[in-house]
Amino acid sequence: MKIRLHNPRREVETTGPLRASDLCKQLGLNRESVLLIRGDELVTGDALLQEEDVVEVRPVISGG
Amino acid sequence: MKCRRCEEQAVVEVRHAHAAYCPTCFVERCREQVSRAIGEHRMIRSGEKVLVAVSGGKDSLAVWDLLLDLGYPADGVYLGLGIGGYSDRSGDCARAFAERRGATLIEIDLASEVGFTIPQAANTRRMPCSACGLAKRHLLNKTALDHGYDVLVTGHNLDDEVAVLFGNTLQWNMPYLARQRPALPESSGFARRVKPLVRLTERETAAYCVIRRIDYIVEECPMASGNRHLLYKELLNTLEERDPGAKATFLNGFADRVAPLLDDLAAQERDSVGTCSRCGSPTTAEVCAFCRLRDQATRPPRRRKKRRRDRSVHAEESPVTGGESRRP
Chain A
1 MKIRLHNPRR
11 EVETTGPLRA
21 SDLCKQLGLN
31 RESVLLIRGD
41 ELVTGDALLQ
51 EEDVVEVRPV
61 ISGG
Chain V
1 MKCRRCEEQA
11 VVEVRHAHAA
21 YCPTCFVERC
31 REQVSRAIGE
41 HRMIRSGEKV
51 LVAVSGGKDS
61 LAVWDLLLDL
71 GYPADGVYLG
81 LGIGGYSDRS
91 GDCARAFAER
101 RGATLIEIDL
111 ASEVGFTIPQ
121 AANTRRMPCS
131 ACGLAKRHLL
141 NKTALDHGYD
151 VLVTGHNLDD
161 EVAVLFGNTL
171 QWNMPYLARQ
181 RPALPESSGF
191 ARRVKPLVRL
201 TERETAAYCV
211 IRRIDYIVEE
221 CPMASGNRHL
231 LYKELLNTLE
241 ERDPGAKATF
251 LNGFADRVAP
261 LLDDLAAQER
271 DSVGTCSRCG
281 SPTTAEVCAF
291 CRLRDQATRP
301 PRRRKKRRRD
311 RSVHAEESPV
321 TGGESRRP
């Protein structure tokens, strides 16, 4: 599946099926700091992501 | 995972509430949390003129959207900070939202209004985010007063408040701790400033924008990279992942048990405020911090170059002193 990341913008590939929470672990991401968006819908940590999915990993931390 | 309220498929987990929600119930929950914050802290009264500080980011657009849906006829104000393409894109998000909601957006361009941009202010002794925060506080307050608004709304969320509290506690900065409130009352020279998102985390405000299809600027400000506030947020989220609810407990404990003990200090701070001899804004000094920043940011570059050379000579003589010169 295609994973789209921000800051910097980039795209990586990983193999599905995979739980959303496991994807965060695989990428070393804190689930409190990101949202996972499949297509244009949010998914919870227990969602099973499929090989053909495109998933955006959107950071939520901002500030200055 | 099922929605706690309606048992439909959930899309957002709110781990500190031990719950997950479907899109409809999540939006409803956000409205309830904002209503509760407004009511608990008497942020906005019936019939008041409301101005929302809009950056084009998730928090300010979320709070504007929530206030409009809750029946507050709020206008927005956007400050053009002059941070290249980042400012262009954030301004586009703010304008697109205002158009979509049919709301009024006041635009203030820093360069034409006060003669400098944030990148220019970042060349002063202040750190970039400190200079930006100072300029924003000054101009937003001025805009609210000049246009006759009763209350200025900012998009500060629970994470912002917790990170500020954490930083001020690390330094035991008592005056700053004394003035950290979800609602700062109006006083001479100040509009009332309120934070209706104080009960929502930034993960929740981002999720709200995704569900409501609000297009906001996702990229981080290029000038904020490496700032302490972001570091504190990352540390606090590491704690939150292990112990959901830790951030809210920290903030609510401060508000319930410590803030009331600092009421006298907060009153002393308010009483010590005078008027800037240059612009008339409230300040505890003769010339306010904003006017001093403007002096530094608009100073001709030749003089600054000379001072840098001076500093580099000192740095060679005394590396410790030179290395600490930019601390705010």
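Which chain is which? The protein sequence lines are A and V, in order. Residue 35 in full-length UniProt numbering sits at position 35 of the first sequence, with consecutive numbering throughout. Residue 172 in full-length UniProt numbering sits at position 172 of the second sequence, with consecutive numbering throughout. All C-beta atoms in this analysis are idealised placements derived from N, C-alpha and C, irrespective of residue type, glycine included. Computed from a prediction, not measured in an experiment: that's the story for all the values here.
Which residue's Cα is closest to the Cα of Ala10 (chain V): A:Ser62, A:Val55, A:Glu41, A:Leu49?
-> Locating residue 10 (chain V) in the second sequence gives position 10, counting from the first residue. Out of A:Ser62, A:Val55, A:Glu41, A:Leu49, A:Glu41 has the C-alpha closest to the C-alpha of Ala10 (chain V).
If you check the beta carbons only, do Glu143 (chain V) and Ile106 (chain V) fall under 8 Å apart?
-> Translated into positions along the second sequence, residue 143 (chain V) becomes position 143. Translated into positions along the second sequence, residue 106 (chain V) becomes position 106. Here residue 143 (chain V) is Thr; the residue named in the question, Glu, does not match the sequence. In contact: Thr143 (chain V) and Ile106 (chain V) (Cβ atoms closer than 8 Å).
Answer with buried or exposed for Gly28 (chain A), where buried requires no fewer than 16 other C-beta atoms within 10 angstroms of its C-beta.
-> Along the first sequence, one-based indexing puts residue 28 (chain A) at 28. Burial call: exposed.
Using beta-carbon positions only, say whether Val52 (chain V) and Gly76 (chain V) come within less than 8 Å of one another.
-> If you number the second sequence from 1, residue 52 (chain V) lands on position 52. If you number the second sequence from 1, residue 76 (chain V) lands on position 76. Yes, Cβ-Cβ distance for Val52 (chain V) and Gly76 (chain V) is below 8 Å.
Could you name each continuous beta strand (DSSP E) segment of 3 residues or more that falls completely within the segment 33-58 of chain A, going from the start of the chain to the end?
-> 34-38
So, do the segment 91-101 of chain V and the segment 213-220 of chain V have three or more beta carbon pairs nearer to each other than 8 Å?
-> yes
Give the DSSP-derived three-state secondary structure of Gly91 (chain V) in the structure shown.
-> Residue numbering aside, residue 91 (chain V) sits at position 91 when the second sequence is read from its first letter. Residue state, collapsed to three classes: helix.
Residues near Lys2 (chain V) in its chain [Cβ-Cβ closer than 8 Å; skip 5 each side] = Walking along the second sequence from the start, residue 2 (chain V) turns up at place 2. Here the set comprises Glu8, Gln9, Ala10, Ala20.
As assigned by DSSP and simplified to three states, the class of Gly39 (chain V) | Taking the first residue of the second sequence as 1, we reach residue 39 (chain V) at position 39. Note: Gly39 (chain V) maps to helix in three-state DSSP.
Following the continuous alpha helix (DSSP H) through Val63 (chain V), name the residue where it begins and the one where it ends.
-> Your numbering for residue 63 (chain V) matches position 63 in the second sequence. Residues 58-69.
Name the chain V residues that come within less than 9 Å of Leu49 (chain A), Cβ to Cβ?
-> As a working mapping, residue 49 (chain A) is identified with position 49 in the first sequence. Within chain V, no residue comes near Leu49 (chain A); the closest Cβ sits about 14 Å away, beyond 9 Å.
His147 (chain V) beta carbon less than 8 Å from that of Lys195 (chain V) = Working through the second sequence from its first residue, we reach residue 195 (chain V) at position 195. Working through the second sequence from its first residue, we reach residue 147 (chain V) at position 147. In this structure, His147 (chain V) does not lie closer than 8 Å to Lys195 (chain V) by Cβ.
Any Cβ of chain V within less than 8 Å of the Cβ of Gly45 (chain A)?
-> As a first step, residue 45 (chain A) must be located in the first sequence, where it is residue number 45. True, the Cβ-Cβ gap to chain V drops below 8 Å.
Of the residues A:Thr14, A:Gly16, A:Glu32, A:Val54, which one's Cα is nearest the Cα of Glu241 (chain V)?
-> Numbered from 1 along the second sequence, position 241 holds the residue referred to as residue 241 (chain V). Nearest C-alpha to Glu241 (chain V): A:Glu32.
Whole runs of the alpha helix (DSSP H) within the segment 142-195 of chain V, excluding any shorter than 4 residues = 158-170, 174-178
Beta-ladder partner(s) of Ala53 (chain V), from DSSP | Residue mapping note: residue 53 (chain V) aligns to position 53 of the second sequence, counting from 1. Bridge partners of Ala53 (chain V): V:Val77.
Using 8 Å as the limit for Cβ to Cβ distance, is Asn237 (chain V) near chain A?
-> Along the second sequence, one-based indexing puts residue 237 (chain V) at 237. Answer yes: the Cβ-Cβ gap between Asn237 (chain V) and chain A drops below 8 Å somewhere.
Report back the beta-carbon spacing between Leu35 (chain A) and Ala206 (chain V) to the nearest angstrom; my notes put them in contact at under 8 Å.
-> The residue given as residue 35 (chain A) occupies position 35 in the first sequence. The residue given as residue 206 (chain V) occupies position 206 in the second sequence. Right, their Cβ atoms sit about 6 Å apart.
Could you check how far apart the C-beta atoms of Arg203 (chain V) and Val60 (chain A) are, in whole angstroms? I think they sit under 8 Å.
-> As a working note, residue 203 (chain V) is residue 203 in the second sequence. As a working note, residue 60 (chain A) is residue 60 in the first sequence. Arg203 (chain V) to Val60 (chain A), Cβ: 5 Å. Contact.
Looking at the C-beta of Leu23 (chain A), does it have a partner C-beta in chain V at a distance below 8 Å?
-> Locating residue 23 (chain A) in the first sequence gives position 23, where the first residue counts as 1. No, no contact with chain V.
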